[in-house]
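Report on one structure; see the data block that follows.
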């Protein structure tokens, strides 16, 4: 394995086995809030033990190591093809070592060749910038939380959502209601208002790269995020849908332009096993700094 | 905490109620999408395997071979059960299972199946793959490895004090249904109050 492959393998290992600090703090705060003696509190205690155990044993936090999503910020002229090859090699090795489950199947035949490689797997998103550094962020997103993501086209009469911010709020909260405990709550929402169908979902997932305790620089979206978080946590869905005080750990939203005819609200859900990590790479591919 | 030992006794299963925390000892059989569809379509179990009185665990574990060539489960949390809703009741009926472990709950056909066939739905903590893998003391066997691949195979595993919560019982109660109804009503009232504020 070359240096870049080794770095990416280590990034995968750590992403699979550890929740980032910002998420861990939010989980501990949630554990504190739940009433002692309830099944919600028991669930949060098991979650807390699981985080500790996974990190200590360096084994996957969750058996569903999910879709493997790389987000790469790189300078102009960076060899993206070489990065792709290194990423695939690292994924294959990580699968052999059990950092990743054999989790990628042919969409039509269902065949699982055990490598986690195939069309679209892993997924690579590149963004160029005019700075010299290469930053690689990795999100492992399990199927349970992916299945409860939702996209709304406003107006939506079923949920009385008009084409305004109040309508967006209704759409997002409907997604929370429908998800209940299926997405392994308490979860985190990534929301995108606007865009086309594909871009809306893409941007909603990009929100997971933000830290849970950051605040949206746009005051309108900041209020939107805080309102949804507050209301969702008053619904009583709670950890795993067992009832309780924490339904969501965070809400992160963005808005991108749309065509006049479309008004999409795209919601991605991330489970409490929020697997996101990142590294800044040195020129030779070595890990220089961890980003979360 | 109620201790349950497999194979489960019908009377013990029927006595369980929503909200009970249980610890399971004995054997679990993993099974998820491919296995459920296969059994639903009338597929036969491999010779020597019976699920009668047993528990199906909706789980696709991460399993590796250790240095001695023995299977070792390194991560094993529950997967979302809702996907098995079309099939589960029939597997209760045809294979005499007494318990289903998963996450997120299941729907009305499973609920009716629990009542009719004396079965219970047990919720394990989703994502808690390490805590749950620690309670797996041995892998006894694996079936359909070639046919369905590792995450979809039937793994016969031995567990000790495997923690779950009863969220659908054999008396017709479902915690999922109750929480959904309550949260839906709360959301409607919060949104109504919010709209009023804005006017």
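Chains as they are written, first to last, in our numbering: chain F, 554 to 845; chain P, 2 to 200. We put the beta carbon where it would ideally sit given N, CA and C, even for glycine.
Is the CB-CB distance between residue i and residue j below 9 Å?
i                      : j                      : result
residue 785 of chain F : residue 804 of chain F : yes
residue 656 of chain F : residue 618 of chain F : yes
residue 687 of chain F : residue 653 of chain F : no
residue 29 of chain P  : residue 157 of chain P : yes
residue 150 of chain P : residue 658 of chain F : yes
residue 693 of chain F : residue 625 of chain F : no
residue 77 of chain P  : residue 31 of chain P  : yes
residue 129 of chain P : residue 102 of chain P : no
residue 745 of chain F : residue 698 of chain F : no
residue 577 of chain F : residue 627 of chain F : no
residue 780 of chain F : residue 722 of chain F : yes
residue 87 of chain P  : residue 132 of chain P : no
residue 638 of chain F : residue 554 of chain F : no
residue 801 of chain F : residue 729 of chain F : yes
residue 17 of chain P  : residue 170 of chain P : yes
residue 166 of chain P : residue 595 of chain F : yes
residue 798 of chain F : residue 593 of chain F : yes
residue 823 of chain F : residue 691 of chain F : no
residue 819 of chain F : residue 731 of chain F : no
residue 134 of chain P : residue 612 of chain F : yes
residue 672 of chain F : residue 641 of chain F : no
residue 809 of chain F : residue 756 of chain F : yes
Quick check on the burial criterion: 16 or more other C-beta atoms within 10 angstroms. Buried or exposed for residue i?
i                      : result
residue 848 of chain F : This structure cannot settle anything about residue 848 of chain F, because the visible part of chain F is limited to 554 through 845.
residue 623 of chain F : buried
residue 843 of chain F : exposed
residue 817 of chain F : buried
residue 200 of chain P : Below a pLDDT of 50, predicted positions are generally treated as unreliable, and residue 200 of chain P, at 47, falls in that range; the measurement from the model is reported next regardless. Exposed, because fewer than 16 other Cβ atoms sit within 10 Å of the Cβ of residue 200 of chain P.
residue 190 of chain P : exposed
residue 758 of chain F : buried
residue 25 of chain P  : buried
residue 644 of chain F : buried
residue 104 of chain P : buried
residue 184 of chain P : buried
residue 829 of chain F : buried
residue 567 of chain F : buried
residue 562 of chain F : buried
residue 2 of chain P   : exposed
residue 778 of chain F : buried
residue 188 of chain P : buried
residue 733 of chain F : buried
residue 182 of chain P : exposed
Please list, in chain order, the chain P residues whose beta carbon lies closer than 9 Å to that of residue i.
i                      : result
residue 587 of chain F : Ordered by position in chain P, no residue passes the 9 Å Cβ test against residue 587 of chain F, which lies about 13 Å from the chain.
residue 789 of chain F : 180, 183, 184, 187
residue 554 of chain F : Per Cβ cutoff of 9 Å: no residues; residue 554 of chain F is ~19 Å from chain P at best.
Could you work out which residues of chain F lie near residue i, taking near to mean beta carbons separated by less than 9 Å?
i                      : result
residue 112 of chain P : By Cβ distance, chain F contributes nothing, its closest Cβ being about 15 Å from residue 112 of chain P, past 9 Å.
residue 22 of chain P  : 592, 595
residue 65 of chain P  : 649, 650, 651
residue 4 of chain P   : Neighbours of residue 4 of chain P on chain F: none; closest Cβ ~16 Å, over 9 Å.
residue 68 of chain P  : The contacting residues do not exist; residue 68 of chain P stays about 13 Å from chain F at best.
Going along chain P, which residues have a C-beta under 8 Å from residue i?
i                      : result
residue 657 of chain F : Those within 8 Å of residue 657 of chain F in chain P number zero; the least Cβ separation is about 10 Å.
residue 716 of chain F : Chain P residues near residue 716 of chain F: none, gap ~15 Å exceeds 8 Å.
residue 795 of chain F : 124, 166, 168, 176, 180
Could you work out which residues of chain F lie near residue i, taking near to mean beta carbons separated by less than 7 Å?
i                      : result
residue 181 of chain P : 733
residue 81 of chain P  : 697, 700, 735
Which residues in chain F sit within 8 Å of residue i, going by Cβ to Cβ distance?
i                      : result
residue 109 of chain P : Simply none; closest approach about 15 Å.
residue 115 of chain P : Within chain F, no residue comes near residue 115 of chain P; the closest Cβ sits about 18 Å away, beyond 8 Å.
Give the interface partners of residue i over in chain P, defined as CB-CB distance under 7 Å, in chain order.
i                      : result
residue 612 of chain F : 75, 76, 131
residue 723 of chain F : 192
residue 607 of chain F : 131
Give the residues of chain B in contact with residue i, contact being defined as C-beta atoms less than 9 Å apart.
i                     : result
residue 60 of chain P : Absent from the structure: chain B. Protein chains present are F and P.
Identify every run of the alpha helix (DSSP H) within the segment 679 to 713 of chain F, keeping only runs that are complete inside it and at least 4 residues long; order them along the chain.
696 to 700
Please give me, in chain order, every unbroken run of the beta strand (DSSP E) with length at least 3 that falls completely inside the segment 620 to 672 of chain F.
620 to 628
Between the segment 35 to 45 of chain P and the segment 826 to 842 of chain F, do three or more beta carbon pairs fall short of 8 Å?
no
Could you say if the segment 589 to 608 of chain F and the segment 781 to 799 of chain F meet the contact criterion of at least three C-beta pairs nearer than 8 Å?
yes
Write down every uninterrupted run of the beta strand (DSSP E) in the segment 2 to 28 of chain P whose length is 3 residues or greater and which is fully enclosed by it, in chain order.
3 to 6
Three CB pairs or more closer than 8 Å across the segment 48 to 61 of chain P and the segment 699 to 717 of chain F
no
Which ranges would you report for the alpha helix (DSSP H) in the segment 108 to 178 of chain P if only whole runs of at least 4 residues count?
109 to 118, 130 to 135, 146 to 149
Taking contact to mean at least 3 C-beta pairs separated by less than 8 Å, is the segment 104 to 112 of chain P in contact with the segment 173 to 180 of chain P?
yes
Between the segment 93 to 100 of chain P and the segment 116 to 125 of chain P, do at least 3 Cβ pairs fall closer than 8 Å?
yes
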